[in-house]
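Following full-length UniProt numbering, the numbering of the sequence shown begins with 1 at its first residue and continues without gaps.
Backbone N, C-alpha and C define an ideal beta-carbon position, used for all residues, glycine too.
Contents: one structure, followed by commentary.
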Amino acid sequence: MSRALMPNLLTPQDLEPNWQWEAKLPSPGHMSVDFERRIDHDRLRRYRLARTRESLRNSPAGSLLLFDVNNIRYVSATKIGEWERDKMCRFCLLTGDDSPYVWDFGSAAVHHQKYSDWLEPDHCLAGVVGMRGTIPPEFGLMRKYAKMIAQLIKDAGMADMPVGVDYAETAMFHALQEEGIKVVDGQQIMLAAREIKNWDEIQLLTQAASMVDGVYHMIYEELKPGVRENDIVAMSNKLLYEMGSDDVEAINAISGERCNPHPHNFTDRLIRPGDQAFFDILQSYQGYRTCYYRTFNVGRATPAQNDAYVKAREWIDASIAMIRPGVTTDKVAEVWPTAESLGFPNEDAAFGLQFGHGLGLALHERPIISRAVSLDHPMEIKTGMVFALETYCPAADGYSAARIEEEVVVTETGCEVISLFPAEELPIANRY
């Protein structure tokens with residue numbers, strides 16, 4: 001059996017992130033080859049489990065019960081496809097010094113026993129609870145698995161300690177409580193584990209960003225009158241899946257008068273000459289996410305559109321300049337304009353426009369940076385964090401707007417930008 005996730009074989013070395021800051025961050029090819037060391041998946045699995053165990057030790061909980069598929073993947077390195085992301089049909093238990101248990105969707109458990117040799121085969125179990133209520137609680141599955149989980153926790157010697165649960169159906173919480181389990185917030189335990197990326201995670205994030213670099217070059221070439229927003233979305237999806245994306249979570253495509261206020265979607269609107277248009281590419285490679293905006297003008301740009309872009313660029317450059325270990329998120333948020341200065345009644349109404357958020361197996365991880373939360377609740381920026389910084393500036397014409405987002409890796413001395421499609425100046429697609 002592989003030693004990858006055997007907890008008694010984890011060593012202090014498995015907590016080492018193995019960073020290599022001495023040169024430019026690599027974005028290696030996606031295949032495994034014998035002539036270059038690229039992603040070390042065994043090292044990645046061991047690091048993630050070791051990080052989780054360390055975070056669990058630093059918490060009041062003795063066990064973790066996970067329904068969030070990002071947490072399940074982080075702990076057990078199992079994944080069965082994006083269709084299950086919102087079904088709440090899988091769960092994972094990490095307790096004491098035992099190996100992870102995974103209850104999966106029918107035959108998927110058999111697949112793990114055969115192909116996931118870092119897991120103990122008898123810890124890969126078929127099981128399902130409520131599937132968002134479609135299996136009613138009175139059928140008894142939640143009681144069944146709550147009893148099983150309680151017994152495993154007792155066998156591991158953790159019965160007297162709380163259990164961290166990330167999220168679950170309400171009836172599942174009741175079933176756990178009926179078994180005498182005290183539930184605490186497990187999502188915070190998991191987010192603390194996931195906030196620092198090792199070298200393999202950072203390479204996966206740069207690989208994911210490099211795919212979006214290519215999509216933006218395609219958009220730059222294809223953006224012209226007669227093309228619809230949804231056409232760009234379709235072409236982007238096609239290219240991303242051809243490059244190996246495992247999930248195109250969403251693509252925002254906003255153009256013309258739809259730019260202000262930001263609707264966070266796409267439609268069938270036809271692109272027109274002189275439009276300002278911005279896009280966000282949210283996709284993952286081997287689970288690791290991108291969030292990467294770019295703004296273009298079509299054929300030409302007005303002074304008002306240029307001015308909006310210059311301001312958005314200045315704001316994002318100011319925030320990037322602040323990023324280094326030890327700086328707190330309130331200091332970053334302070335360089336961004338207030339909501340009121342942009343015409344919003346308060347920071348809640350402008351939430352997400354001047355924004356920072358961690359990237360990893362989820363689109364939003366730690367840290368969150370926003371004037372709405374960071375000024376009063378700052379968090380420390382640490383080496384190994386990876387996050388996106390995004391700014392938005394409405395134009396003086398009342399309908400155009402510029403949106404820019406950069407992905408950054410926090411190094412020992414500052415940060416490195418990994419979203420590389422040129423954005424220093426407003427790109428004009430198919431200039432007249």
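For Arg-289, the CB contacts under 6 angstroms within the same chain, skipping 5 residues up- and downstream, are Leu-359 and Leu-363 in chain order. For Tyr-101, the uninterrupted beta strand (DSSP E) segment begins and ends at 101-104. Between the alpha carbons of Ser-210 and Pro-162 lies a distance of about 42 angstroms.
For Gly-157 against Gly-96, the beta-carbon gap comes to about 6 angstroms, under 8 angstroms, which counts as contact. Boundaries for Val-335: no alpha helix (DSSP H) harbours it, and the DSSP string shows neither H nor E there. Pairwise C-beta distances place the segment 318-328 in contact with the segment 375-394, as three or more of them are shorter than 8 angstroms. DSSP places Asn-70 within a helical segment (H, G or I) once states are collapsed to three.
When the beta-carbon positions are compared, Leu-223 and Ala-277 come within less than 9 angstroms of each other. Nearest Cα to Val-129 within the set Ala-168, Glu-16 and Ile-316: Ala-168.
Annotated three-state conformation of Gly-356 is strand, per DSSP. For the pair Val-417 and Val-408, the Cα-to-Cα distance works out to about 4 angstroms. Under the three-state reduction of DSSP output, Ile-153 falls in the helix class.
Take Ala-423, set aside five residues on each side of it, and the residues of its chain with a beta-carbon closer than 8 angstroms to its own are Arg-294, Thr-295, Arg-313, Ile-404 and Glu-406, in chain order. Taking all protein chains shown into account, Asp-166 has 16 or more neighbouring C-beta atoms within 10 Å of its C-beta and is therefore buried. Residue pairing of Phe-387 in beta bridges, as defined by DSSP: Gly-358 and Val-408. Nearest C-alpha to Gly-180 among Asp-200, Met-148, Gln-203 and Ala-193: Met-148. Counting along the chain, the unbroken alpha helix (DSSP H) around Leu-44 starts and ends at 41-57. Arg-269 and Tyr-220 have their C-alpha atoms roughly 18 angstroms apart. Between Tyr-115 and Ile-80, the alpha-carbon positions lie close to 12 angstroms from each other.
Listed in chain order, the non-local C-beta contacts of Asp-397 below 6 angstroms within the same chain comprise Ala-304, local neighbours out to five positions each way being set aside. Under the three-state reduction of DSSP, Ala-350 is assigned to coil, being neither helix nor strand. Here Ser-255 is near Ile-271, since their CB atoms are less than 9 angstroms apart. In the DSSP secondary-structure assignment, Gln-283 is bridged to Val-248. Under the criterion of beta carbons closer than 8 angstroms, Asp-231 and Arg-43 do not qualify as touching, at roughly 42 angstroms. For Leu-25, the closest C-alpha among the options Asp-14, Val-33 and Arg-38 is that of Arg-38. Non-local C-beta neighbours of Ala-150 in its own chain, meaning closer than 8 angstroms and more than five positions away in sequence, comprise Ala-159, Leu-176, Glu-179, Gly-180 and Ile-181, ordered along the chain.
Distance between Val-110 and Glu-84, taken at the CA atoms: about 17 angstroms.
In the structure shown, the three-state DSSP call for Ser-255 is strand. Rounded to the nearest whole angstrom, the CA to CA distance from Met-385 to Leu-375 is 20 angstroms.
Pro-394 is bridged by DSSP to Ala-401.
Here Ser-55 has Ile-189, Met-190, Ala-192 and Ala-193 as same chain residues with Cβ atoms under 8 angstroms from its own Cβ, once five neighbours each way along the sequence are excluded.
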